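Engineer: Before I ask anything, here is the structure I am working with.
Residue numbers (our numbering): -3 to 274.
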């Protein structure tokens, strides 16, 4: 399989991308895996080559609640000789049909899909939508993808994140943000404080629900793994868990060679990744 480059998780199903850019679906409970067929993205890369092809920009994995199906969405770009610029394209994979299809990307939106691509900004799935951070002429924004209707849109403005680090997350089944400042040099002793913001589902407004820290030796927040437990990474690369209630830190017993390049949480699922509907 090769090393895992990116890893996504939804309701007990894992979607992994290895170092060869092969996409694999996996159900650990059933001990099943499935290699996802190639996309137009793969064909573009092979036919056009690196001089013209600008690459995969975003990827997401989630669940279409209405159709009862798991889907993968990818966003990529290629050079258009006609207008001498890059064209952004998108495709969706349907697990039950085992096939990809082109979908319409947004038109007339001025934002940079290149912002923070990779494991550090793989986005999150929450309640039928997938979310990514992007840059725009008006600052950072969140790009969302509706798994049911297969449409993209830009969410309203974020809290002030200028000159700050920001990461998207899910807390208590709501879209959340980590906003923090730290010195980019890991040997620096500058403390780190974290603001945790949650988006109100009805109004779309952001609310600052927690401000934690300062922490002397922390590098960055990773993700919530329980309602009141936040995973963080130290400047030494150790993984620790912070309890929002007790405000206590505890080190997790993770071997240094196994530190998390990609992480996810194991959930039992009886959904077969080899299912197919006629």
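Glycine residues also receive a C-beta, built at the ideal position from the N, C-alpha and C atoms.
These figures come from a predicted structure and were not determined experimentally.
With a cut-off of 8 angstroms, do at least 3 Cβ pairs link the segment 164 to 174 to the segment 220 to 230?
Structural biologist: The answer is yes - the segment 220 to 230 touches the segment 164 to 174, with three or more Cβ pairs under 8 angstroms.
Engineer: In whole angstroms, what separates the C-alpha of residue 99 from that of residue 266?
Structural biologist: Working through the chain shown from its first residue, we reach residue 99 at position 103. Working through the chain shown from its first residue, we reach residue 266 at position 270. If you take the alpha carbons of residue 99 and residue 266, they lie about 30 angstroms apart.
Engineer: Touching or not, the segment 119 to 135 and the segment 85 to 96, by the rule of three or more beta carbon pairs under 8 angstroms?
Structural biologist: No, the segment 119 to 135 is not in contact with the segment 85 to 96.
Engineer: For the beta strand (DSSP E) holding residue 138, just list the boundary residues, first then last.
Structural biologist: Translated into positions along the chain shown, residue 138 becomes position 142. That run of the beta strand (DSSP E) goes 135 to 142.
Engineer: Between the Cα of residue 8 and those of 54, 59, 36, 206, spot the shortest distance and give me the residue it belongs to.
Structural biologist: Here residue 8 is taken as the residue at index 12 of the chain shown, counted from 1. Residue 8 has its Cα closest to that of 59, out of 54, 59, 36, 206.
Engineer: With 16 as the cutoff for other CB atoms within 10 Å, does residue 203 come out buried or exposed?
Structural biologist: Mapped onto the chain shown, residue 203 falls at position 207. Per the 10 Å Cβ criterion, exposed.
Engineer: Of the residues 32, 28, 210, 27, which one's Cα is nearest the Cα of residue 16?
Structural biologist: For this step, residue 16 is matched to residue 20 along the chain shown. Nearest of 32, 28, 210, 27 to residue 16, Cα basis: 32.
Engineer: Rounded to whole angstroms, how far is the Cβ of residue 163 from the Cβ of residue 187, which I believe are closer than 8 angstroms?
Structural biologist: Here residue 163 corresponds to residue number 167 of the chain shown, with the count starting at 1. Here residue 187 corresponds to residue number 191 of the chain shown, with the count starting at 1. Wrong, their Cβ atoms sit about 18 angstroms apart, outside the cutoff.
Engineer: Counting only the same chain and skipping the five closest in sequence on each side, list residues whose C-beta sits under 6 angstroms from that of residue 207.
Structural biologist: The sequence position of residue 207 within the chain shown is 211, counting from 1. The residues are 191.
Engineer: Pull up the distance between the alpha-carbon of residue 35 and that of residue 157, whole angstroms please.
Structural biologist: Along the chain shown, read from residue 1 onward, the residue named residue 35 stands at position 39. Along the chain shown, read from residue 1 onward, the residue named residue 157 stands at position 161. Roughly 35 angstroms separates the two Cα atoms.
Engineer: Return the CA-CA distance between residue 14 and residue 1, expressed in angstroms with no decimal places.
Structural biologist: Locating residue 14 in the chain shown gives position 18, counting from the first residue. Locating residue 1 in the chain shown gives position 5, counting from the first residue. So the two alpha carbons sit approximately 5 angstroms from each other.
Engineer: Given a cut-off of 8 angstroms on the beta-carbon distance, is the pair residue 284 and residue 193 in contact?
Structural biologist: One cannot answer for residue 284 here, as it falls past the ends of the chain, which runs -3 to 274.
Engineer: Beta-carbon separation of residue 4 and residue 72 under 8 angstroms?
Structural biologist: Position 8 of the chain shown holds residue 4. Position 76 of the chain shown holds residue 72. No, they are not a contact pair.
Engineer: Does residue 232 come within less than 8 angstroms of chain D when only Cβ atoms are used?
Structural biologist: Chain labels in this structure do not include chain D; a single protein chain is all it has.
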